[in-house]
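A.B. asks: Chains as they are written, first to last, in the working numbering: chain A, 674 to 790; chain B, 281 to 389.
Idealized CB from N, CA, C, for every residue including glycine.
Have a look at this one before I ask anything.
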Amino acid sequence: MKVSGHQRHGLWFAYISHRLSGLLLALFLPLHFWVLSLALNDRAALDGFLSWTDLWYVKVAEYGLVFLLSLHFFGGLRLMALEWLPWSARQKTYAATALAAGFAVSTSFFLSATFYG
Amino acid sequence: MINARLYIMQRLTALIMAPLVIGHIGVMIYAVQNGLSAAEILGRTQGSYFWAIFYGTFALAVAIHAAIGLRAILHEWVRLDGMVLNLVCWAIAAGLAGLGLQAVYSVTG
Chain A
674 MKVSGHQRHG
684 LWFAYISHRL
694 SGLLLALFLP
704 LHFWVLSLAL
714 NDRAALDGFL
724 SWTDLWYVKV
734 AEYGLVFLLS
744 LHFFGGLRLM
754 ALEWLPWSAR
764 QKTYAATALA
774 AGFAVSTSFF
784 LSATFYG
Chain B
281 MINARLYIMQ
291 RLTALIMAPL
301 VIGHIGVMIY
311 AVQNGLSAAE
321 ILGRTQGSYF
331 WAIFYGTFAL
341 AVAIHAAIGL
351 RAILHEWVRL
361 DGMVLNLVCW
371 AIAAGLAGLG
381 LQAVYSVTG
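This is how it looks when you write it as structure tokens:
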């Protein structure tokens with residue numbers, strides 16, 4: 674695949690990661706809502722599903738989802754700062770901070786989900 | 281002016297969701313500490329007006345926010361346009377809002 678000049682720009686990475694994290698979260702939402710709806714109709718099925726989340730690879734997938742959510746959150750804050758606040762030469766720093774904060778938050782979740790009992 | 285309205289709705293829903301996302305991540309980090317079960321989740325949420333309003337607002341805001349975000353992707357990457365694009369996005373918004381509110385009712389009702 675040919676990589677255009679603008680795609681080498683650091684803030685292009687910020688744009689594409691915000692878009693892709695949003696897309697993946699939107700695709701995940703119907704499944705998330707459906708699983709929670711089991712609480713009303715089929716509580717045993719919900720418990721069966723929740724015990725499935727003890728598997729290590731499901732925990733890794735959850736880590737990925739929380740990372741996507743926190744990346745989209747901090748990336749969105751960066752985007753609104755870009756649009757509404759005076760231009761700052763630190764935009765790349767903010768984008769890198771959003772990525773780092775996403776990692777920090779989702780890693781906290783992962784550690785919390787992994788080390789208990 | 282539809283694009284200006286969508287732009288404002290996208291930012292407005294983002295601002296509404298910002299504190300809700302922080303709260304949701306906090307709840308997740310707290311809730312997974314002893315493993316998840318239906319009893320643990322429902323013990324926290326069932327009959328709670330606070331969580332019903334918290335997650336009801338979240339579900340409605342995310343339905344609008346996701347539909348507008350997917351609209352931009354469908355337009356720019358899939359080249360959907362006009363009436364088809366609008367219908368698809370209304371269907372996404374309505375579907376997510378319906379599923380989301382049903383989920384909120386299931387765990388708080």
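With 16 other CB atoms within 10 Å as the buried threshold, where does serine 724 of chain A fall?
C.D. replies: So serine 724 of chain A ends up on the exposed side.
A.B. asks: How is phenylalanine 788 of chain A classed by DSSP in three states: helix, strand or coil?
C.D. replies: Coil at phenylalanine 788 of chain A, not helix or strand.
A.B. asks: I'd like the span of the alpha helix (DSSP H) that includes threonine 388 of chain B, first residue to last.
C.D. replies: Start and end: 362–388.
A.B. asks: Anything in chain B within Cβ reach of proline 703 of chain A, meaning under 8 Å, just list it in chain order.
C.D. replies: What proline 703 of chain A touches in chain B: Gly375, Leu376, Leu379.
A.B. asks: Span of the alpha helix (DSSP H) holding glycine 336 of chain B?
C.D. replies: Unbroken alpha helix (DSSP H) run through glycine 336 of chain B: 329–356.
A.B. asks: How would you list, in chain order, the residues of chain B whose beta-carbon sits under 9 Å from the beta-carbon of serine 743 of chain A?
C.D. replies: Those are Val301, Ile305, listed as they occur along chain B.
A.B. asks: On the three-pair Cβ rule with 8 Å, is the region 765–783 of chain A touching the region 314–330 of chain B?
C.D. replies: Judged by Cβ distances under 8 Å, the region 765–783 of chain A makes no contact with the region 314–330 of chain B, as fewer than three pairs qualify.
A.B. asks: Are the CB atoms of alanine 712 of chain A and serine 386 of chain B nearer to each other than 7 Å?
C.D. replies: Yes.
A.B. asks: Glycine 380 of chain B: which of B:Leu316, B:Trp357, B:Gln313, B:Ala339 sits nearest, CA to CA?
C.D. replies: The residue with the shortest Cα to Cα distance from glycine 380 of chain B is B:Ala339.
A.B. asks: Return yes when the Cβ of alanine 768 of chain A is within less than 7 Å of the Cβ of alanine 687 of chain A, no when it is not.
C.D. replies: Yes, the pair counts as a contact, with Cβ atoms nearer than the cut-off.
A.B. asks: Evaluate the contact criterion for the region 675–686 of chain A versus the region 349–363 of chain B: three or more CB pairs, one atom per stretch, below 8 Å.
C.D. replies: These segments do not touch.
A.B. asks: Only counting the same chain, and skipping five residues up and downstream in sequence, which positions put a Cβ closer than 6 Å to that of lysine 765 of chain A?
C.D. replies: Contacts found: Gly683.
A.B. asks: Taking the straight line between their C-alpha atoms, what separation do you get for tyrosine 730 of chain A and phenylalanine 788 of chain A?
C.D. replies: When rounded, the distance between both Cα atoms is 15 Å.
A.B. asks: Verify the CB distance criterion: does alanine 773 of chain A have a CB-CB separation below 7 Å to chain B?
C.D. replies: Answer no: the Cβ-Cβ gap between alanine 773 of chain A and chain B never drops below 7 Å.
A.B. asks: Pick helix, strand or coil for glycine 315 of chain B, following the three-state DSSP scheme.
C.D. replies: Three-state DSSP puts glycine 315 of chain B in coil, outside helix and strand.
A.B. asks: Identify whether histidine 682 of chain A lies in helix, strand or coil by the three-state DSSP scheme.
C.D. replies: Histidine 682 of chain A falls in the coil class under three-state DSSP.
A.B. asks: Is it buried or exposed, leucine 719 of chain A, if we count other Cβ atoms within 10 angstroms and call 16 or more buried?
C.D. replies: So leucine 719 of chain A counts as buried.
A.B. asks: So, does the region 350–359 of chain B touch the region 305–323 of chain B, judging by three or more C-beta pairs under 8 Å?
C.D. replies: No, because fewer than three Cβ pairs between the region 350–359 of chain B and the region 305–323 of chain B fall closer than 8 Å, the two stretches do not touch.
A.B. asks: Strictly below 8 Å CB to CB, what residues from chain B border serine 710 of chain A?
C.D. replies: Those are Leu379, Gln382, Ala383, Ser386, listed as they occur along chain B.
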